[in-house]
Amino acid sequence: MPAVITKERRSQLMARIRSKDTVPELRVRRLIHSLGYRYRLHSKDLPGKPDIVFSRKRKLIFVHGCFWHCCKKAGCRKAHQSRSNEGYWGPKIESNVERDRKCIRSLRRIGWKVLVIWECETADEERLAIRITKFLGPIRS
Ligand SMILES: [Zn+2]
Numbered sequence: 014m015p016a017v018i019t020k021e022r023r024s025q026l027m028a029r030i031r032s033k034d035t036v037p038e039l040r041v042r043r044l045i046h047s048l049g050y051r052y053r054l055h056s057k058d059l060p061g062k063p064d065i066v067f068s069r070k071r072k073l074i075f076v077h078g079c080f081w082h083c084c085k086k087a088g089c090r091k092a093h094q095s096r097s098n099e100g101y102w103g104p105k106i107e108s109n110v111e112r113d114r115k116c117i118r119s120l121r122r123i124g125w126k127v128l129v130i131w132e133c134e135t136a137d138e139e140r141l142a143i144r145i146t147k148f149l150g151p152i153r154s
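For the sequence shown, the numbering used here puts the final residue at 154, and the numbers step up evenly by one.
Encoded structure:
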């Protein structure tokens, strides 16, 4: 028996799927995949559980939300929000930033090459593709 899904329920589901697809990390993953690279996700045995890991290349990518990780890019609107909310979210964001710094430092110390992609940098896919390709190098290496 096929499950009965009302029209309303279906559109709710579709809306959820679509909004999930716009999450910056998924956008980056899809792009990397379409460029032909293969990766592992959320490696729990590495500091900071990096989002996207290329084990053989010993390279990894973090995709950072601009608000929560306090983006410093000029013209980033979400980072501006986080700065103007310092009183309330400040301590939380500050500890994120500190943790990011520590994790990246220890990853580099054990020989990983690290690329941080900010949420606001994921809008321009062409530019992002060039950056990722430069960072990762040839697909098979
Ligand atoms: Zn940003």
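The beta carbon of each residue, even a glycine, is placed where N, CA and C say it ideally should be. Bear in mind the structure is a predicted one, so any value in this text is a computation, not a measurement.
Own chain residues within Cβ distance below 7 Å of residue i, not counting five before or after
i, result
"T53", "Before going on, a small fix: residue 53 reads as Arg here, not Thr. Excluding residues within five positions, the ones whose Cβ falls inside 7 Å are V66, S68."
"L149", "Y50, F67, K70, K72"
"D34", "With a pLDDT of 44 at D34, under the threshold of 50, the modelled position of that residue is not reliable, and no figure is offered here."
Buried or exposed by the 16-neighbour rule on C-beta atoms within 10 Å, applied to residue i
i, result
"A92", "buried"
"H55", "exposed"
"T135", "buried"
"P63", "buried"
"H46", "exposed"
"E107", "exposed"
"Q111", "The sequence shown places Glu at residue 111, not Gln. Answer is exposed; the Cβ neighbour count stays below 16."
"L39", "exposed"
"P151", "exposed"
"P104", "exposed"
"L48", "exposed"
Residues bridged to residue i (per DSSP)
i, result
"H77", "W131"
"L59", "None; L59 has no bridge partner."
"L1", "Given that the chain is displayed from residue 14 to residue 154, the structure contains no residue 1 and the question cannot be resolved."
"K126", "K72"
Spatial neighbours of residue i in its chain, beta-carbon cut-off 6 Å, leaving aside the 5 residues before and after
i, result
"W125", "R71, L73"
The beta strand (DSSP E) enclosing residue i, as first and last residue numbers
i, result
"S45", "Sequence check: residue 45 is Ile here, not Ser. It is not in any beta strand (DSSP E) - I45 instead sits in the alpha helix (DSSP H) that spans 37 to 47."
Beta-carbon proximity list for residue i, same chain, < 8 Å, skipping 5 on both sides
i, result
"K86", "C79, A92, W131, C133, E134"
"R114", "none"
"L128", "K72, L73, I74, F75, R144, I145, F148"
Residue range of the alpha helix (DSSP H) that includes residue i
i, result
"K147", "138 to 149"
Near ligand 3: residue i beta-carbon under 8 Å from a heavy atom
i, result
"K115", "In the structure shown, ligand 3 is absent; the only ligands present are ligand 1."
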